[in-house]
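Take any residue in the sequence shown, count from 1 to its spot, add 6: that is its number in the working numbering.
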Amino acid sequence: MELRKERGLSQATVAKDLNVSLGIVCYWETNKSDPTASNIAKLARYFNVTSDYLLGLTE
């Protein structure tokens, strides 16, 4: 959510760009569901960060 908001993106935009449903993005952001490994990879490429950053292992 933090990366998305920093870039001024809506949940709908991220969902469309990653080819996932809006609901799944909402679930990720509210900790109701964790992204799969392949979706973590997509998110890392999309936001140009490492998967470790997304997982909270680095700053």
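C-beta atoms are modelled at their ideal positions from N, C-alpha and C, and glycine is treated no differently.
What you are looking at is a predicted structure, and each value in this text was computed from that prediction instead of being measured.
C-beta atoms of residue i and residue j nearer than 8 Å
| i | j | result |
| --- | --- | --- |
| V55 | L9 | yes |
| L49 | L60 | yes |
| Q17 | L24 | no |
| V31 | A21 | yes |
Near the ligand SAM: residue i beta-carbon under 7 Å from a heavy atom
| i | result |
| --- | --- |
| F53 | In the structure on display, the ligand SAM does not appear, and there are no ligands present to speak of. |
For residue j and residue i, believed in contact at Cβ under 8 Å, the rounded distance
| i | j | result |
| --- | --- | --- |
| S39 | I46 | The pair is not a contact, with the Cβ atoms about 12 Å apart (cut-off 8 Å). |
Q.
In chain order, what are the residue ranges of uninterrupted alpha helix (DSSP H) at least 4 long that sit wholly in the stretch 25-65?
A. 28-35, 43-53 and 57-60
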